[in-house]
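Only one structure is covered here, and it is reproduced in the block below.
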Amino acid sequence: MYGLPKGFDGSFLVGHVLEVVCFAKYQIYLHFDEKITITVVSAFSYKNDLLANVPAQESNLMELIGSSVSSVSGDENGTRSLLFNNGQTLKIYDTSTQYESYAIANGGKEIIV
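For the sequence shown, the residue numbers in the numbering used here are 2 to 114.
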């Protein structure tokens, strides 16, 4: 697992609205306002998806469109949790020791986990 960089502060996501969810065969793209994106290439959980893997066969992620991030947390295993203003939580897991699991892009900066 790549893990999150020590001292990583994901608070820059707070208040940003999820505008677009795109599904590709091996990736899910979450596009927020102000050109913030999260690319998921591993496992995630949301609502009834106890643990879904990419490629996703189905998902309820579209329900989050138009919701803003209320808080962000992470753990030493690289799991990133986003709580949205509708009360729902999206968790993105760092599941691989060899490959990236997700990437967060904010302007010109990118964090690969």
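We put the CB at the ideal spot given by N, CA and C, even for glycine. Note that the structure is a prediction, hence the values are computed from the model and not measured.
- DSSP places G109 in the coil class of the three-state scheme, outside both helix and strand.
- Straight through space, the alpha carbons of G109 and D76 are spaced by roughly 24 Å.
- Distance from the CA of F13 to the CA of S60, rounded to the nearest whole angstrom, comes to 26 Å.
- Taking V21 as the centre and dropping the five residues before and after it, the same chain places the C-beta of H32 closer than 6 Å to its C-beta, in chain order.
- Apart from sequence neighbours up to five positions away, the residues of its chain that approach T40 with a beta-carbon distance below 7 Å are Q28, Y30, Y103 and A104, ordered along the chain.
- For the segment 46-76, the continuous beta strand (DSSP E) assignments of 3+ residues that do not extend past its boundaries occur at 50-54 and 70-75, in sequence order.
- With 16 or more other CB atoms across the displayed protein chains lying within 10 angstroms of its CB, T80 is buried.
- Between F85 and S69, the beta carbon gap of about 7 Å places them in contact (Cβ cut-off 8 Å).
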